[in-house]
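Going by my numbering, the first residue of the sequence shown is number -18, and it counts up by one from there.
Notes follow once the structure below has been shown.
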Amino acid sequence: DRALLLEFDSSAQVLAWTDAVREADLLGVVDIVPAARTILVKLAGTKYLAPTRQRLDRVQLTDNAVAESADPGDGNADVTLDVV
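Structure (structure tokens):
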């Protein structure tokens, strides 16, 4: 009731969107928790759900922002482990 879970296809998208959500300085957001393919946006109360969704709908990311997140230039890369 007091959080939104954003789902993505890649960790690069997660990183780019995490930065964008932080920069958006959304009212009522008390925590932003990125994971492998999701971002949990914790809110101060249910009254912030609808306004936060509306504001997130207006956040625009360029392909360049996602690409920069995919290649931070520090030698780190996504690692995929097949689980059997």
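Ideal Cβ positions, reconstructed from N, Cα and C, are used throughout, including at glycine.
As the structure is a prediction and not an experimental result, all values here were calculated from the model.
query: If we ignore side chains and look at the alpha-carbon of each, how far apart do residue 8 and residue 65 end up?; result: 43 Å
query: Residue 15 bridges to which residues according to DSSP?; result: 20
query: I need the DSSP call for residue -16, collapsed to helix, strand or coil.; result: strand
query: Would you list the residues sitting across from residue 10 in a DSSP beta bridge?; result: 24
query: Please check the pair residue 33 and residue 22, which I expect to be a contact at CB under 8 Å, by giving their CB distance rounded to whole angstroms.; result: 7 Å
query: Quick one: what does DSSP say residue -6 is sitting in, helix, strand or coil?; result: helix
query: Return the residue from the list -18, 50 and -1 that minimises the CA-CA distance to residue 40.; result: -1
query: Using the three-state DSSP reduction, which class does residue 33 fall into: helix, strand or coil?; result: helix
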